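A.B. asks: Top to bottom, those sequences are chains A and B. Numbered according to my numbering, the first sequence spans residues 1 to 467. Numbered according to my numbering, the second sequence spans residues 1001 to 1467. For glycine and all other residues, C-beta sits at the position ideal for the given N, C-alpha and C. It should be emphasised that the depicted structure is a prediction, and the values quoted were computed from it without experimental measurement.
2 protein chains.
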Amino acid sequence: MEQNNKQNSDAKQYLAEIRAYIEQNKDRFLEELFTLIRIPSISSEQEHKPDMVRCAERWRELLTAAGADRAEVMPTEGNPVVYGEKTIDPAKPTVLVYGHYDVMPVAPMVLWRTSPFEPVVKDGKIWARGADDDKGQSFMQAKAFEWMVRSGNLPCNVKFMLEGEEEIGSGSLYGFCEKNKELLKADIILVSDTSMIAPDVPSITSGLRGLCYWEVEVTGANHDLHSGLFGGAVANPINVLCKMIADLHDADGHITIPGFYDDVLVLSDEERALMAQAPFDEQAYKQELGVKALKGEKGYTTKERTGIRPCLDVCGIWGGYTGEGTKTVLPSKAYAKISTRLVANQDFEKISRQFQQYFESVAPDYVTVKVTPCHGGAAYVAPLELKAYRAAENAMQQVYGRRPIPTRSGGSIPIVAGFEKILGLKSILMGFGLATDDIHAPNENYPLEQFFHGIETIPLFYRYFAE
Amino acid sequence: MEQNNKQNSDAKQYLAEIRAYIEQNKDRFLEELFTLIRIPSISSEQEHKPDMVRCAERWRELLTAAGADRAEVMPTEGNPVVYGEKTIDPAKPTVLVYGHYDVMPVAPMVLWRTSPFEPVVKDGKIWARGADDDKGQSFMQAKAFEWMVRSGNLPCNVKFMLEGEEEIGSGSLYGFCEKNKELLKADIILVSDTSMIAPDVPSITSGLRGLCYWEVEVTGANHDLHSGLFGGAVANPINVLCKMIADLHDADGHITIPGFYDDVLVLSDEERALMAQAPFDEQAYKQELGVKALKGEKGYTTKERTGIRPCLDVCGIWGGYTGEGTKTVLPSKAYAKISTRLVANQDFEKISRQFQQYFESVAPDYVTVKVTPCHGGAAYVAPLELKAYRAAENAMQQVYGRRPIPTRSGGSIPIVAGFEKILGLKSILMGFGLATDDIHAPNENYPLEQFFHGIETIPLFYRYFAE
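Now the structure itself:
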């Protein structure tokens, strides 16, 4: 008890010093972050290829400035990886910080209230693409590191690995990890790329969904036809695609791909009861989203639907005439981008094959269907007994005054399962985003309070972890 | 018999004179037509508003040059109407020629092999938007008129009415006809805006389908969401729209809108047997379209599916991320442009209300659905006993050496039913297009042979009609 009290009092002092440092340096922190945000590093768009390199270079400079002994931009088969490290004592444990400097596309531009790559601070939030995901969050790691180095409080070795392909599936990072196992040796991976429940309800993501993504193309006639002369006699690929997509769910919201649920880990009633304790206000949730009703798989709560159950969504669809006014056409082709979120134990490569085979096999003979697998990744679960998990719990408790709840996130960071497989390392997903940050959407934002709380929490994590 | 032989021999002489005139003037004919085609008179796109006026003015000049006593551009509530006339004797019958100078949009541009508004002649065809529909076809009327005037062979009075809104539903022409009933007094309307079966199988369109067109918008959450954090718990408007569209047809290809078929005229077995005599090579049809199988309403042949049965097609669909690569998003909105083709006796305004009510009423409570009716028009049937119909039959027989087959076209010219209602006039749909002309699609084209055969046939029609 005495020991605990002393620890708490030490931690409080430590936190006070961090807070003072943040207060003195916060304008500089933001200005440095903004230099990253201003680089439109959209990994899915070819035209931004040079921006990926610029953003990596800028990160290298910032890591060096923050106190890394070594920082470099390392080539991969795709976008480069920024690697940095500071070794204080080879005998001490090593934290490998992972983040990504690439961002999502910004379309539809018309819905942005500010320019996506010109960050502004308004209403206590940073507004920009990447403000949260993941420039803002990974930058907290750099500034927490800076404080530990400058104040002489760094208790262990640190490595940084920042990639440029997270939003497109981390394709090149798997190979990079395979090649650089020795360089990346560490005891734990620390990631700030997730959300917590609410500003006053801290949580740690103990599980992530996996992901599988395809583009499908349905072709009817070999060219666009007059919808009057041919309508009714020739298959319309849009109508056919709609039917095929509709048939991917049954009336209860279950996904109909044969074998899709075979490997899904079924949680015990006890585990489900524990999860159900997390606060959730369905009315507020619906109001925030502006919907009258929710929709999901029968037999599961909303939190379960995003946390422990897989789902299938069409992320995009297009075909025929989509311009102003009317055009009567029976198009030749229709397209959709379809993704599933997977849960623990589902093999994304198996799911990818299952979907492709199924979708192509159910194509009626009056159309041709082509499925192109895009990226994918496995789900991930972190055991709550890990020392690093407990360190994260303690750190957040100090800053937020409340024990964080372990949550299963509906989102995916496929490479996290990859790290476990290739590097043999577990990851701690200590993220400070909020559900209202609109990541991947127009008007992405990140509350300054969360940004600063993150910088406060991270050194405490190091302290508890290295104890 | 003797009388018939003499008539035939006279007609042959008459035809030879027309052919000689075409031979002497064909380069000029094409150059004049190209001046019309080069004006991008796309009625559905606001930016082309000035082009509509330019195109109408050009038509006025061409009618005057062809021999009209009076030619003017007359205002309507929308795009102007070009009116022209030549009266040779008020006691003689009057033919009212109807055509349209507006064209369809050109998207997707990437599929055009030549510039859509820079006509080229290649492989015996004119390639351009409007080459057939309806600049090329209506221009045949002007040049046939020119020959009759210049050679002293005009046997009756002629009026021209060329509108600029056919491709968007002829909205302003209904009011124009109401206001100008006296001006438009005639005995028959002659229209070249349809197709014949094949270059060696002449046909006359004895029926047209009606049309009804809507844009639908499905809204889920009030903004785009992260598909991982919300996927599975919140309705995806694309998935919902797909299901709603899929449900518009049952397994037999019947349309499920309640009451949709109530007013459909059911043809007798005898009529169906007659229709079935028209040559139709299903293998060639499929090969031409590049499809392995056809798809349509159960219990009807391909020709019946486009001729005597209504159909429903999605002309365009869009929503979510449709750019390069992948983006995981749960979009807020999804859209579709949906059209039905109607048959004789179906009331397009009733159908429009039925669809809107039905589609909005079946919307699940987790989305909001908005249906915006666009344009529509009734179906039309021409009796084969009409003197004008027989005149068209005789004229085509002279030129093509074969009796034309009466066909029911799947396409729509809604205003044709409007003419009957407002002006009390039947229309003869003597068109020279071919199914391969790709009207409304990229690479629209019109064979020169059909263009010249049209100019040959029209004066023969006047001759037989005025007899």
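#1: Interface residues of chain B around glutamine 46 (chain A) at Cβ under 8 angstroms?
#2: Going along chain A, which residues have a C-beta under 9 angstroms from aspartate 1224 (chain B)?
#3: Kindly identify the DSSP beta-bridge partner or partners of glutamate 45 (chain A).
#4: If you measure between the beta carbons of leucine 1173 (chain B) and leucine 1342 (chain B), is that distance less than 9 angstroms?
#5: How about leucine 1162 (chain B) and serine 1138 (chain B): are their beta carbons less than 9 angstroms apart?
#6: Using a threshold of 9 angstroms, state whether the C-beta atoms of proline 279 (chain A) and isoleucine 197 (chain A) are closer than that.
#7: Can you pull the DSSP bridge partners for serine 427 (chain A)?
#8: Taking 9 angstroms as the threshold (beta carbon to beta carbon), is tyrosine 1101 (chain B) in contact with chain A?
#9: In chain D, which residues lie with their C-beta within 7 angstroms of the C-beta of arginine 305 (chain A)?
#10: Using CA atoms only, rank isn't needed, just tell me which of A:Phe176, A:Phe355, A:Gln283 is closest to glutamate 165 (chain A).
#11: Could you list the residues in the segment 1399-1423 of chain B with a C-beta less than 8 angstroms from some C-beta on chain A, going in chain order?
#12: Report all residues from its chain with a CB closer than 8 angstroms to the CB of serine 1044 (chain B); omit the five preceding and five following residues, and keep chain order.
#13: For phenylalanine 359 (chain A), report the span of its alpha helix (DSSP H) as first-last.
#14: Output, in chain order, the set of chain A residues within a Cβ distance shorter than 7 angstroms of serine 1339 (chain B).
#15: Taking only beta-carbon atoms, is asparagine 1239 (chain B) less than 9 angstroms away from chain A?
#16: From the DSSP output, in three-state form, read off glutamate 1085 (chain B) for me.
#17: If isoleucine 1257 (chain B) and tyrosine 1358 (chain B) are in contact, beta carbons under 8 angstroms, what's the gap, nearest whole angstrom?
#18: Going by other Cβ atoms of all chains shown within 10 Å of its Cβ, with 16 needed for buried, is glycine 1259 (chain B) buried or exposed?
#19: Are leucine 1386 (chain B) and isoleucine 1188 (chain B) touching if we call contact CB-CB under 9 angstroms?
#20: Write down the C-beta distance between phenylalanine 461 (chain A) and alanine 378 (chain A) rounded to the nearest angstrom, noting that I regard them as a contact closer than 8 angstroms.
#21: Any idea if arginine 150 (chain A) is buried or exposed, counting beta-carbon neighbours within 10 angstroms, 16 or more meaning buried?
#22: Should lysine 333 (chain A) and glycine 319 (chain A) be called a contact, given that it needs their Cβ atoms to be closer than 9 angstroms?
#23: Given a threshold of 16 other Cβ atoms within 10 Å of its Cβ, counted over all protein chains shown, does glutamine 1141 (chain B) qualify as buried or as exposed?
#24: With a threshold of 9 angstroms between beta carbons, is histidine 249 (chain A) in contact with chain B?
#25: Can you tell me the Cα-Cα spacing of glutamate 1444 (chain B) and tryptophan 1127 (chain B), whole angstroms?
#26: Please state whether the Cβ-Cβ distance between glutamate 1146 (chain B) and alanine 1065 (chain B) is less than 9 angstroms.
#27: Do you know offhand how far glutamate 1456 (chain B)'s Cα is from valine 1158 (chain B)'s?
#28: Can you give the Cα-Cα distance for valine 1314 (chain B) and lysine 1337 (chain B), rounded to whole angstroms?
#29: In whole angstroms, give me the CA-to-CA distance for phenylalanine 1160 (chain B) and leucine 1190 (chain B).
#30: Between the beta-carbon of tryptophan 59 (chain A) and the beta-carbon of leucine 30 (chain A), is there less than 9 angstroms?
#31: Kindly list the residues whose CB is nearer than 8 angstroms to the CB of aspartate 1133 (chain B), restricted to its own chain and excluding five residues on each side of it in sequence; keep chain order.
#32: Where does cysteine 1177 (chain B) sit, in a helix, a strand or coil, going by DSSP?
#33: Quick one: which chain B residues come within Cβ less than 8 angstroms of glutamate 297 (chain A)?
#34: Is tyrosine 14 (chain A) closer than 9 angstroms to proline 404 (chain A) when the C-beta atoms are compared?
#35: Which one of A:Val371, A:Ile422, A:Leu429, A:Asp250 has the shortest CA to CA distance from methionine 396 (chain A)?
#36: Can you list, in chain order, the residues of its chain with a C-beta nearer than 7 angstroms to that of valine 367 (chain A)? Leave out the 5 residues immediately preceding and following it.
C.D. replies: Inspection of the coordinates gives the following:
#1: In the first sequence, the residue the question calls residue 46 (chain A) occupies position 46. Chain B residues near glutamine 46 (chain A): Glu1324.
#2: The residue you call residue 1224 (chain B) lines up with position 224 of the second sequence. Chain A residues near aspartate 1224 (chain B): Pro108, Leu111, Asp438, His440, Ala441, Pro442.
#3: On the first sequence, residue 45 (chain A) is found 45 positions in, with the first residue counted as 1. Its beta-bridge partners do not exist; DSSP assigns none.
#4: Mapped onto the second sequence, residue 1173 (chain B) falls at position 173. Mapped onto the second sequence, residue 1342 (chain B) falls at position 342. The answer is no: Cβ separation not under 9 angstroms.
#5: For the purposes of this step, residue 1162 (chain B) is taken as the residue at position 162 of the second sequence. For the purposes of this step, residue 1138 (chain B) is taken as the residue at position 138 of the second sequence. Yes. Within cutoff.
#6: Here residue 279 (chain A) is taken as the residue at index 279 of the first sequence, counted from 1. Here residue 197 (chain A) is taken as the residue at index 197 of the first sequence, counted from 1. Contact flag set, yes.
#7: Taking the first sequence and counting its residues from 1, the one referred to as residue 427 (chain A) is at position 427. Beta-bridge pairing links serine 427 (chain A) to A:Ile189.
#8: Taking the first residue of the second sequence as 1, we reach residue 1101 (chain B) at position 101. Output row for tyrosine 1101 (chain B): interface = no.
#9: The structure shown contains no chain D; its protein chains are A and B.
#10: Counting from one through the first sequence, the residue named residue 165 (chain A) turns up at place 165. Comparing Cα positions, the closest option is A:Phe176.
#11: Ser1409, Gly1410, Gly1411, Ser1412
#12: The sequence position of residue 1044 (chain B) within the second sequence is 44, counting from 1. Only Met1104, Pro1105, Glu1167, Ile1168 meet the Cβ criterion.
#13: In the first sequence, counting from the first residue as 1, residue 359 (chain A) sits at position 359. Counting along the chain, the alpha helix (DSSP H) containing phenylalanine 359 (chain A) begins and ends at 348-361.
#14: Sequence index remark: in the second sequence, residue 1339 (chain B) carries index 339 (1-based). Chain A residues near serine 1339 (chain B): Ser227, Thr328.
#15: Position 239 of the second sequence, counted from the start, is the residue given in the question as residue 1239 (chain B). Answer yes: the Cβ-Cβ gap between asparagine 1239 (chain B) and chain A drops below 9 angstroms somewhere.
#16: In the second sequence, counting from the first residue as 1, residue 1085 (chain B) sits at position 85. In this structure, glutamate 1085 (chain B) counts as strand in the three-state DSSP scheme.
#17: The sequence position of residue 1257 (chain B) within the second sequence is 257, counting from 1. The sequence position of residue 1358 (chain B) within the second sequence is 358, counting from 1. Sure, about 5 angstroms apart at Cβ, within 8 angstroms.
#18: As a first step, residue 1259 (chain B) is located in the second sequence; it is residue number 259 there, counting from the start. Glycine 1259 (chain B) is exposed by the Cβ-count criterion.
#19: Reading the second sequence from its first residue, position 386 is the one you call residue 1386 (chain B). Reading the second sequence from its first residue, position 188 is the one you call residue 1188 (chain B). Yes; because the gap between Cβ atoms is below 9 angstroms, this pair is in contact.
#20: Stepping through the first sequence from its first residue, residue 461 (chain A) is reached at position 461. Stepping through the first sequence from its first residue, residue 378 (chain A) is reached at position 378. No, phenylalanine 461 (chain A) and alanine 378 (chain A) are not in contact; Cβ-Cβ is about 25 angstroms, not under 8 angstroms.
#21: Walking along the first sequence from the start, residue 150 (chain A) turns up at place 150. Exposed.
#22: Counting from one through the first sequence, the residue named residue 333 (chain A) turns up at place 333. Counting from one through the first sequence, the residue named residue 319 (chain A) turns up at place 319. Contact flag set, yes.
#23: Stepping through the second sequence from its first residue, residue 1141 (chain B) is reached at position 141. The residue in question, glutamine 1141 (chain B), is buried, as its Cβ has 16 or more Cβ neighbours within 10 Å.
#24: Indexing the first sequence from 1 puts residue 249 (chain A) at position 249. Judged by the 9 angstroms Cβ criterion, histidine 249 (chain A) is in contact with chain B.
#25: Position 444 of the second sequence, counted from the start, is the residue given in the question as residue 1444 (chain B). Position 127 of the second sequence, counted from the start, is the residue given in the question as residue 1127 (chain B). Going by the C-alpha atoms only, they are around 6 angstroms apart.
#26: Counted from its first residue, the second sequence places residue 1146 (chain B) at position 146. Counted from its first residue, the second sequence places residue 1065 (chain B) at position 65. Result yes, Cβ atoms of glutamate 1146 (chain B) and alanine 1065 (chain B) sit closer than 9 angstroms.
#27: The sequence position of residue 1456 (chain B) within the second sequence is 456, counting from 1. The sequence position of residue 1158 (chain B) within the second sequence is 158, counting from 1. Their backbone Cα atoms lie some 17 angstroms apart in a straight line.
#28: In the second sequence, the residue the question calls residue 1314 (chain B) occupies position 314. In the second sequence, the residue the question calls residue 1337 (chain B) occupies position 337. Taking the straight line from one Cα to the other gives about 6 angstroms.
#29: In the second sequence, counting from the first residue as 1, residue 1160 (chain B) sits at position 160. In the second sequence, counting from the first residue as 1, residue 1190 (chain B) sits at position 190. Cα to Cα, phenylalanine 1160 (chain B) sits roughly 9 angstroms from leucine 1190 (chain B).
#30: As a working mapping, residue 59 (chain A) is identified with position 59 in the first sequence. As a working mapping, residue 30 (chain A) is identified with position 30 in the first sequence. In this structure, leucine 30 (chain A) does not lie closer than 9 angstroms to tryptophan 59 (chain A) by Cβ.
#31: On the second sequence, residue 1133 (chain B) is found 133 positions in, with the first residue counted as 1. Same-chain partners within the cutoff: Val1103, Met1104, Asp1193, Gly1433, Asp1437, Ile1439, His1440, Glu1444.
#32: Counting from 1 along the second sequence, the entry for residue 1177 (chain B) is found at position 177. Of the three classes helix, strand and coil, the one that applies to cysteine 1177 (chain B) here is helix, per DSSP.
#33: Position 297 of the first sequence, counting from 1, holds the residue named residue 297 (chain A). Within chain B, the residues near glutamate 297 (chain A) are Gly1232.
#34: One-based indexing of the first sequence puts residue 404 (chain A) at position 404. One-based indexing of the first sequence puts residue 14 (chain A) at position 14. Cβ distance not < 9 angstroms, so proline 404 (chain A) and tyrosine 14 (chain A) don't count as in contact.
#35: Counted from its first residue, the first sequence places residue 396 (chain A) at position 396. Comparing Cα-Cα distances from methionine 396 (chain A) to each of A:Val371, A:Ile422, A:Leu429, A:Asp250, the minimum goes to A:Leu429.
#36: By one-based count along the first sequence, residue 367 (chain A) stands at place 367. Excluding residues within five positions, the ones whose Cβ falls inside 7 angstroms are Val218, Thr219, Gly220, Ala235, Pro237, Val240.
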